[in-house]
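**Q** Below: one structure in structure tokens.
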Amino acid sequence: MSRVANNPVVIPEGVNVTISGKDVHVKGARGELSMTLHQMVEILQEEGKLRLGTAGNSRDAKALAGTFRSLVNNMVVGVSTGFSKQLELQGVGYRVQLRGKTLNFSLGFSHPVKYEIPESIDIETPSQTQVIVKGIDKQFVGQVSAEIRAFRPPEPYKGKGIRYQNEHVKRKEAKKK
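If you're matching positions, the sequence shown starts at 2 in the working numbering and goes up one per residue.
Quick look at the structure:
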């Protein structure tokens, strides 16, 4: 059984955590996040640490305590340092361009693909074949990255498409005559 919930969440300098009932509000240099805990999970704030425990002794309560410990830790890390995912475009003629709050992709289709950037996400394009997605909410950064990747996922024969940095794409052998 996992013992993730036994580890305390360390609160770094410059991060304020307020707990009111089952609501947890985390405020830091990069922004503010909040979440409501499950009724089977309890939270205690000590000197510079947060401890999560169970309200009952059931198996579900222990599992939820570990899950919510990870979610609270992600909130603390997000408002202090933030999260980022890097995507690469591989293929001849595949490129991306940032114009205001819109990403314009050229992915080998007969039309350009446009993606409107959500409010709480920052996107950088250091080159025509790289996209860096940044934000304070880990789940939302991953969701935006997955939406961008879904425009042209890497295909197994030539490896062309949008992939995460350092993602391994299993290649297949082409048909032989």
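Note that beta-carbon positions come from the ideal geometry of N, C-alpha and C, so glycine has one too.
Pull the bridge partners of Met36 from the DSSP assignment, please.
**A** Per DSSP, Val25.
**Q** Report the partner residues of Ser128 according to the DSSP bridge assignment.
**A** For Ser128, which the question treats as bridged, DSSP gives no partner whatsoever.
**Q** Looking only at DSSP bridge pairs, what is Tyr165 linked to?
**A** Note: Tyr165 sits in a beta bridge opposite Leu88.
**Q** Per DSSP, which residues does Ile44 bridge with? Please list them.
**A** DSSP output for Ile44 lists Leu53 as bridge partner(s).
**Q** Assign Asn7 to buried or exposed, taking buried as 16 or more other Cβ atoms, counted over all protein chains shown, within 10 Å of its Cβ.
**A** Label assigned to Asn7: exposed.
**Q** Around the Cβ of Ile65, are there at least 16 other Cβ atoms within 10 angstroms (buried) or fewer (exposed)?
**A** Note on residue identity: the sequence assigns Leu, not Ile, to residue 65. Classification for Leu65: buried.
**Q** From Gly67, Arg150 and Met76, pick the residue whose C-alpha is nearest to that of Val188; which is it?
**A** Because the chain spans 2 through 178 in this model, residue 188 falls outside it and cannot be assessed.
**Q** Can you tell me which of the three DSSP states Val114 falls into?
**A** Residue state, collapsed to three classes: strand.
**Q** Residues bridged to Thr103 by DSSP?
**A** DSSP lists Arg100 and Glu117 as partners of Thr103.
**Q** Determine contact between the region 122-138 and the region 94-109, defined as no fewer than three beta-carbon pairs at a distance below 8 Å.
**A** With a cut-off of 8 Å, the region 94-109 and the region 122-138 count as touching, because enough Cβ pairs lie within range.
**Q** Give the DSSP bridge partners of Gly136, in chain order.
**A** Note: Gly136 sits in a beta bridge opposite Phe84.
**Q** Can you determine whether any heavy atom of the ligand SAM sits closer than 7 Å to the C-beta of Lys115, and answer yes or no?
**A** Judged by which ligands are present, the structure shown has none, so any question about the ligand SAM falls away.
**Q** Closer than 8 Å is the cut-off here; do at least three beta carbon pairs connect the region 73-87 with the region 21-37?
**A** Cβ pair count under 8 Å is three or more, so yes.
**Q** Does DSSP classify Val170 as helix, strand or coil?
**A** Residue state, collapsed to three classes: coil.
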